[in-house]
Amino acid sequence: MSWIGAIVIGCVMFVVLVVGLFCVVDLVITWGDPKGGASGNLPPALTTPERVARSVPALVILAIMSGVLLLWWRAQRTA
Numbered sequence: 159m160s161w162i163g164a165i166v167i168g169c170v171m172f173v174v175l176v177v178g179l180f181c182v183v184d185l186v187i188t189w190g191d192p193k194g195g196a197s198g199n200l201p202p203a204l205t206t207p208e209r210v211a212r213s214v215p216a217l218v219i220l221a222i223m224s225g226v227l228l229l230w231w232r233a234q235r236t237a
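Read in the working numbering, the sequence shown has 231 at position 73, and its numbers run on one by one without any break.
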C-alpha cells in the first residue's frame with residue numbers, strides 16, 4: 159500500500175470514529191438521561207416511542223457504517 163493510500167484510509171477511519179462517537183453519545187443521552195438533559199429545568203422525560211423515534215437516525219447511521227466497513231474488510235482479506 160502506498161503512503162497516500164494509507165493516509166486516505168487513516169482519514170476515513172478517523173471520520174468513521176468521530177461520526178460513530180457522536181451517534182453513540184446521542185443514543186446514551188437519549189436513553190440514559192431520565193430528564194433528557196443535564197439540567198433539572200427541562201421538560202418531563204421522553205416516552206418510549208419518543209426515545210425510539212430519536213434513536214432511529216443514529217442507529218441507521220451506525221448500521222450503514224458497520225456494513226460498509228465489513229464489506230471493505232472482506233474485500234481487503236480477499237485481495
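Even for Gly, the Cβ is constructed at its ideal location relative to N, Cα and C.
Assuming residue i and residue j are in contact, meaning their beta carbons sit under 8 Å apart, how far apart are those beta carbons, in whole angstroms?
i: Val177; j: Leu227; result: Contact flag wrong, Cβ pair sits at about 12 Å.
With distances taken between CB atoms, is the gap from residue i to residue j smaller than 8 Å?
i: Ser213; j: Leu185; result: yes
i: Val220; j: Cys181; result: The residue you asked about is not Val; residue 220 is Leu in the sequence shown. A contact, by the Cβ cut-off of 8 Å.
i: Arg209; j: Trp231; result: no
By Cβ distance, which residues of its chain are closer than 6 Å to residue i, with the 5 residues on each side in sequence left out?
i: Ala216; result: Cys181, Asp184 and Leu185
Which residue wins for smallest C-alpha separation from residue i, given the options the options?
i: Gln234; options: Thr206, Ala203 and Ile167; result: Ile167
Can you give me the Cβ contacts of residue i inside the same chain, cut-off strictly under 7 Å, excluding the 5 residues immediately before and after it?
i: Ile222; result: none
Determine whether the Cβ of residue i lies closer than 8 Å to any Cβ atom of chain B.
i: Val218; result: Structure shown: chain B not included; a single protein chain is present.
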